[in-house]
Structure formats: C-alpha cells, structure tokens
Amino acid sequence: MHFSPSSFNFKYKMSQPVLEVRGLSKRFGEISAVANLDLTIYPGDVYGFIGPNGAGKTTTIRMILGLIHSDAGEVKIFGYDLKRDYRRALSEIGALVESPAFYPFLSGYRNLRLFGDLSRRVSRERIFQVLELVGLSRRAHHRVRGYSQGMRQRLGIALALLHQPKLLILDEPTNGLDPQGIREVRNLIRRISQEEKITIFLSSHLLGEMEKVCNRVGIIYRGRLIAEGDVDELLGKEQDWVEVQVQDTESAQRFLKEKFPGLNPEIKKAGWLEFKKQDRDLAEINQALVRAGFKVFSIYPHRRTLEDLFVELTGESADVY
Amino acid sequence: MSIEKHISLGEFSGFSLKRFLLLVRTELVKLFSFWLIQGGYVALLGIALIASYLVYHIEQAVKLASGSGYAFAIGLLLRGVDIGAPILFLMMCVIFSIEMNYGTLKNILTRSVTRIEMMLAKYFTAWIMIILAIGIFLAVGLGMGAHYYGLGDLTEDGYLLFPRSVMFKELAIALLFLMVPLVALSSLAMFISSFSSTMGGAMIFGLIAYLFFDLLGIIPNNLGIKIGEHFLPYSAFGFPTQRFVPLYILDDLPAGIPIQSWWVWDIQKMVIICGIYFIIFFSLSLVVVKKRDFTL
C-alpha cells in the first residue's frame, strides 16, 4: 500500500518541494539500512517521518544533512542538490540530529553564539529570542554541563532555530524526555510551526505524538518507505468504526442489518457490536435501536490511528516500540 | 559565477576568507575555554619557568654564565621544547577529537560548513597554538634572561662576541625553522584524531604514534642495524626529533661560533623530511574526514 503524491491537496502540487529525496540507499556491510527511499516535503508541512527503532530514520536524516554518504540516490533541498551545491542546500536548514550536542564547559548562550555565527551572524537579541521561545532564557549563562536532558533537548531546538531556517529537521526530539517534557516539546513544535512559519521534518517512533502534531507523514519500515501522505487521507474517515454496547446483541445485529443496508455490524465480543462508521449519523442509529426496544448502554466512535495503520501495513504488533 | 562553474567547484564553492577566519576564531574561543587546553598551556608555562630556574642555577653551580639574556633564552628553548613538544602535540590531538567526543561535529557540518573548510580552519588553529607555545618559551626565556643577565650584547671577558641585534635575528630565524617540525607534528595529530571517536582515544593513539616516530630514527642505529642506511638515514623516519636541528645550530651561538648560513644540509634535510610527512598526513587527514560517515 503506497499513497502517491498525486493524492495530495492542490496547494502541494502548486509549490516547489522544500525537500526531495529520490532513490536514497545506504548499506552498512551486509545490512541495508535504507533502500531506494523517496520523500517529498512541501512548504508549510509538519512532516512526520515515522517508523520503529532501527527502521532507518536517523540514517536517512544523516544522509539528508550530508553527515553520512549515501550509496545511491539524490537529495534536493530547496531545489539545490546536496552533493553538488552543499553550502546552498544546507544554508536554510536547522537541524537537531538524535541527541543534542554541546560543549559542556560553555554556557548555553556561548554555545548558541559559537554555532550560530557559523551560519550567519546572529545578534544577541536573536539568541535570547530563541532561548525565550524554548524557555531557557533564565539559564542562558549557566554551563550546559548542569542542564537536564530536557533542557539540552530544548537548547538543541533553539540552536536549530537560531538562524531562522526555512526547514527545521528534528530527529527524535522527545528522546529521553519524561511525559511532561514530551508535552512541552510537542507544544513547542506547534508554536514554532505557527509563529516561525517554517516547514518541519520530524522523526519519531512515538506514533501517538506524531499524529498530534503532523499534517503529513511518511512511514519507514526496514529501510523502505511503505506509506506517505496526508494524515487525514492515510487514516481516512471511511476507516472510522463504532462500538455499541447493546442488550440482545444478536437481535440488534439483525435489526441494524435490515434497517441500515450496508452497515454490516459484527459481534467481536459478548454484548458489543462493531461496524464501520461510513459517515453515518450515530444519533440516528441510537434512536432506531432504542425505538425498536433495544437497551443501548454505550456508543464509542473510533478513529483509526497511525498505530493501527502501521500494524495494518507491516503486520507487526504495535508493541515493537 | 555561472551555475555550471558553481556546481563543478563543489566543496570549495562560495569559499570566503571572512568566513574562514570566523571559523578559526570559533575554534580558538572554544579551545581556549576548554580546561585541557588551558591546562596544557599552564603546563608549558610551568615547564618554561622551572627550566629557566634550573638552567640558571646549573649555570651558577658550574660557574658558567650565559652572559646575555638571549643566550639564556636559547638554552631554555633547547631544553623546554624537548619536554614541551609532546604536550603541545597532545593538545593538538584535541582540536578535532573534541568535536567527536561531544558530538558537536554535526552542529558544525549542518551549518553549511564543508568538511575541508572545517579541517583547514582546524589546521590554522593548530598553527596558532604552535606559535603561542613557542611564544611562551620565548617570553619566559627572554623575560628571565633579562632578569638574570639583561638583554644586551653577548660578550666574553669584555670582548664583544655578537651584538644583541645578531642574537635576536638568529633566535628569530631558529624559531621560524622550529615551526617546520611542529607543523608536521600538527598533521600527525590531525590524522590520528580524524579516526577517533573520543578525545581520550585520540590522545592515547596520538601519544603512541608520537613515540613511535620519535624513536623510529633512533632504535635501529642504537641496535647497530645498518641495513640500507647509506641510502636512507634512519633519522629520516624519526621526524619529531627534527625539532632539535634548528636549536642545535642556534646553540653554537652562545659559544661564540657564528652561524654562517641557515640553509645548510641539516636544515634542508629537516624541511624535506618534515615536508614529506606533512604532505602525507595532511592529505590523509583530509581524505579520512571527507570520506568518513559521521554517525554522531
């Protein structure tokens, strides 16, 4: 199952991709880490690059950033080929690859100053602006050695944002964070997307988190892209289903089949009916059951999640994460 | 610049001196904030001070006097550089390996700095570190020399051997030539650390390599092995020891022997040997960094 870019919204078709990856491959000895990978990211996307640990996400990102060499394929960033026009290709990118890295003997401010100046001269005001954005302005002059994992992660995001990039690449930005930290980073990403108006390429194995922040996703599994597209399209409304807890389940099943042709309810467990929602009005179904004399205890509408989609596509249990 | 030309230049396209100097400045700020480099220079200063104390008191004990602050500085440099060179070498091993150790290389390379550009900036930084290290020995030597003897002409029994202008000129030339083996050492340090993943690893393997090349020119001769030595002297392999060549030539000066020419065969040999080693290690370090996959 592969969702081709042809199904994208009209706005995507009209704009030049921010990042285009074609046929990217990388082997480490006998192991194929990434195989013939294609990705397309458009302006304004919050693109989730998802897959289990070891699927090839970080290897792909490292190749996109030129940290490791690809065996085959090409990477174009804002239309510039990474191999031929390295400097221009990377000039508008801000990146946080895996764990954030800083000189621990320098302060957060000093680290940002040193790395920031390598892209283009950054002002003291801009440094404090990004530190404020990630909530670190009060610890700016403390040595990074004393920062917690969450603070380092946020400083990493601040560094990526410092030179006002047009594309932000964040590899596992919630790695090693507690639930509170994960929520903070999630909110931060939303805020960055809205306030800084930049395209975000986000990798993670936390499918639930990605569903909350991304508008488009690509799913990588064993080095191959197995699905790519708009989250709403991938999860599809036609896939939504409903669970109804009702008295006399078998009679209720027959009743619904007759009353609503095509509904096809099934008994998955005792006392419960389950059927595809298919854009039907649940209030109408509830009313019909009640009028027919069935006692309805509860109705649960369900939406397919990325986790469901992943399990469906790979046949693997979701607990691989 | 046309698009075609821009593309074909690849790695070097868009090179700017201003940007390069900014990279060097970044390197210097970072390294001189690091305790290991600070400690290294404190150690060099300590060695210079202790050596000057010992040189002076040994001279007093054997009733020999340098006679001129310049002669004292020459004596100090000869002894100080002997001990200081390995320390300086280890400090140079840190220049690249610090990025691997803390994983910060990815921060540099993802800010559109090319690998070659980064390495050239690191080499330039290493040479500045060499100049600073020599400067410490020179400052302590001349400072203590001025304190003990004054920075006047070199005289013996009232006779003028060399005016101070000659002493200063010869000392300056010797220091310029001393840079040659130290620059070659910087390429070995960079080559070793280009393979490293940690600072400790770079320093340990660096030290082993340093000792290997330091001893390489001595061991076969001391063991009485003569095979092929008339084709290629064993001393050619031990390039770190070449640092003594300009200092030994300079050491004749306090004894009243004038230096007729600096461009003698020993110096030429030193330049050739160190030049060959530099080209080899410099090229290899660039190739390794260019080809390496950085999975930081």
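Chains as they are written, first to last, in the numbering used here: chain Y, 2 to 322; chain D, 1414 to 1709.
Backbone N, C-alpha and C fix where the C-beta goes; we use that ideal spot for every residue, glycine too.
The model shown is predicted, which means the values in this text are computed figures rather than measured ones.
- Per DSSP, Gln154/Y is not a residue of any beta strand (DSSP E); the alpha helix (DSSP H) it occupies stretches across Gln150 to Leu162.
- Nearest Cα to Thr1538/D within the set Asp1495/D, Val1684/D and Ala1602/D: Ala1602/D.
- Closer than 9 Å to the CB of His142/Y there is not a single CB belonging to chain D.
- Put simply, the CB of Tyr1515/D is near chain Y, with a gap under 9 Å to one of its CB atoms.
- Three or more Cβ pairs closer than 8 Å define a contact, and the region 33–43 of chain Y meets that threshold against the region 218–226 of chain Y.
- Taking 9 Å as the upper bound on Cβ-Cβ separation, chain Y lies near residues Ser1446, Phe1447 and Trp1448 of the region 1445–1467 of chain D.
- Only residues of its own chain outside the window of five on either side were considered, and among them Ile268, Ala271, Gly272, Trp273 and Leu274 have a CB closer than 8 Å to the CB of Thr250/Y, listed in chain order.
- Contact check for Leu66/Y against Ala96/Y passes: the beta carbons are separated by less than 9 Å.
- Closest by C-alpha distance to Gly80/Y, out of Ser299/Y, Pro44/Y and Tyr104/Y, is Pro44/Y.
- Looking at the DSSP output, Pro302/Y sits in a beta bridge with Val243/Y.
- According to the DSSP assignment, Phe1537/D belongs to the alpha helix (DSSP H) that extends over Arg1528 to Tyr1561.
- Contacts with chain D at 9 Å (Cβ-Cβ) do not include Phe311/Y.
- Around the beta carbon of Asp172/Y, 16 or more other beta carbons lie within 10 angstroms, which makes this residue buried.
- DSSP places Glu31/Y in the coil class of the three-state scheme, outside both helix and strand.
- Taking 9 Å as the CB threshold, Ile1511/D lines the interface with chain Y.
- When DSSP reads this structure, Glu275/Y sits in a beta bridge with Glu244/Y and Glu267/Y.
- Using a Cβ-Cβ cut-off of 9 Å, Val1475/D does not count as an interface residue toward chain Y, since no Cβ of chain Y sits closer than that to its own.
- The bridge partners DSSP lists for Tyr48/Y are Phe202/Y and Arg217/Y.
- The secondary-structure analysis by DSSP pairs Arg144/Y across a beta bridge with Ser108/Y.
- Just so you know, the alpha carbons of Cys1687/D and Asn188/Y end up roughly 57 Å apart.
- The DSSP assignment places 1577–1607 as complete runs of the alpha helix (DSSP H) inside the region 1561–1623 of chain D, in order along the chain (cut-off: 4 residues).
- The C-beta of Val297/Y comes no closer than 9 Å to any C-beta of chain D.
- In the three-state reduction of the DSSP assignment, Ser1698/D falls in the helix class, which pools H, G and I.
- By the criterion of a C-beta distance shorter than 6 Å, Gly157/Y is surrounded in its chain by Leu97 and Pro101, once the five residues flanking it on both sides are discounted.
- The alpha-carbon separation between Leu1436/D and Asn1520/D amounts to approximately 13 Å.
- For Leu66/Y, the nearest CB of chain D lies under 9 Å from its own CB, placing it at the interface with that chain.
- Contact of Asp1679/D with chain Y is not assigned, every C-beta pair being separated by 9 Å or more.
- With respect to the 9 Å criterion, Leu1595/D and Gly1554/D are not classified as neighbours on the basis of their beta carbons.
- Note on Asn1514/D: 16 or more other CB atoms within 10 angstroms of its CB, so buried under the neighbour-count rule.
- The beta carbon of Leu113/Y sits closer than 8 Å to those of Val123, Ile128, Val131, Leu132, Leu156, Ala159, Leu160 and Leu163, all from its chain and outside the five residues before and after it, given in chain order.
- Residue burial annotation: Glu1530/D is buried, with at least 16 other C-beta atoms found within 10 angstroms of its C-beta.
- Here Thr59/Y is buried, its C-beta having at least 16 other C-beta atoms within 10 Å.
- A residue is called buried once 16 or more other Cβ atoms fall within 10 Å of its Cβ, and Glu210/Y is buried on that count.
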